[in-house]
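All residue numbers for the sequence shown refer to the numbering used here, where the first residue is 6 and numbers rise by one. Backbone N, C-alpha and C fix where the C-beta goes; we use that ideal spot for every residue, glycine too. Since the structure is predicted, the reported quantities are computational estimates derived from the model, not experimental observations. Report on the following structure.
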Amino acid sequence: MGSNPAITDLFTPYQMGSFHLSHRVVLAPLTRQRSYRNVPQPHAILYYSQRTTNGGLLISEATGVSDTAQGYTDTPGIWTKEQVEAWKPIVDAVHEKGGIFFCQLWHVGRVSNEDLQPNGNAPISCTDKPVTPQDQANGTINAEFSTPRRLTTEEIPSIVNDFRLAARNAIEAESNRPPSYTGFSLTSGISTSIILD
Ligand SMILES: Cc1cc2nc3c(=O)[nH]c(=O)nc-3n(C[C@H](O)[C@H](O)[C@H](O)COP(=O)(O)O)c2cc1C
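Structural data, given as C-alpha cells:
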C-alpha cells in the first residue's frame, strides 16, 4: 500500500448501517445460471465460500421472488421451501468465514420471454410494450423478449407480497443462527426496464 488514500481506503473498515465491514471490497451480484430448476445447488457453497473474507460483504446473484420473476434460465429463487432449504448451507458457509451476505431479490418484469414463464404466459410488466432486443458488444442479439402483459392496478399488491414473502424467506435462510447474528439480508433489484420505460 502506498500513500494514495484511494488505495489505502479499500482495506480500511467501513460502518454500513448496522453492518461493520472490515474492508471495502464487495462481491457484486453476478447472475450465474447454475441453479437448475431455480434451486440453488451445493456447488454454490464452494463458490460463495471461496469469495468470503472475515467482515467482507457479498451480494448474492439476483434471486427470483416468484415463478414469474425469471428472465434467464437456471437463476435461483427464494419463493419455495426447497429453495430456502438449499440456500441455508450456502449462507452458513459464508457466515462460517465471517462474511456478511445480502440476498439480491429481483423480478425481471418484461425482460423475459414466454419460455421462462409459468404455463407459457406472457411476462408481466407495467407496460404492454416489449423490450427492444439489444445488440451485445460482439454483435449478436442479446435475447428474445416476449410482448408483456400489463398488470392491472389490482394485481400489483400480489407482486409486492411476493417481495415481502421472499424477504421473509431470506431471513429464514439464515438457518440455525441466533437472531442477532448477521443475516442473509436484502437488496432489491426490480427490473430497470420498468423504471426506464
Ligand atoms: C455475468 C454478469 C452477471 C451479472 N449479474 C448481476 C445480477 O445478478 N444483479 C445485478 O444487480 N447486477 C449484475 N451484474 C452487474 C454487475 O454486478 C456489475 O457489472 C458489477 O457491479 C460491476 O459494475 P460495472 O459493470 O458497472 O463496473 C452482472 C454482471 C455480469 C457481467
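- Secondary structure in the region 46-70: the alpha helix (DSSP H) runs of 4 residues or longer, each lying completely within the stretch, are 48-55 in chain order.
- Residues of the same chain with a CB within less than 6 Å of the CB of Ser71, apart from the 5 flanking positions on each side, are Trp84 and Asp167 in chain order.
- Under DSSP, Ser130 shares a beta bridge with Arg155.
- Around Pro45, the same chain offers Pro81, Gln88, Ala91, Trp92 and Ile95 as residues with beta carbons nearer than 7 Å, after the five sequence neighbours per side are excluded.
- The three-state secondary structure of Phe106, taken from DSSP, is strand.
- Assigned with DSSP and collapsed to three states, Phe168 falls in helix.
- Inclusion of Phe16 and Leu62 in the CB contact set at 9 Å is not warranted, their separation being larger than that value.
- For Gln38, the closest of Thr78, Gly114, Ser117 and Ser65 by C-alpha to C-alpha distance is Thr78.
- Membership of Gln88 in the alpha helix (DSSP H) is indicated by the continuous run Lys86 to Glu101.
- If you draw a straight line from the Cα of Thr58 to the Cα of Val116, it is about 34 Å long.
- Look at Trp92: its beta carbon is at least 8 Å from all of the heavy atoms in ligand 1.
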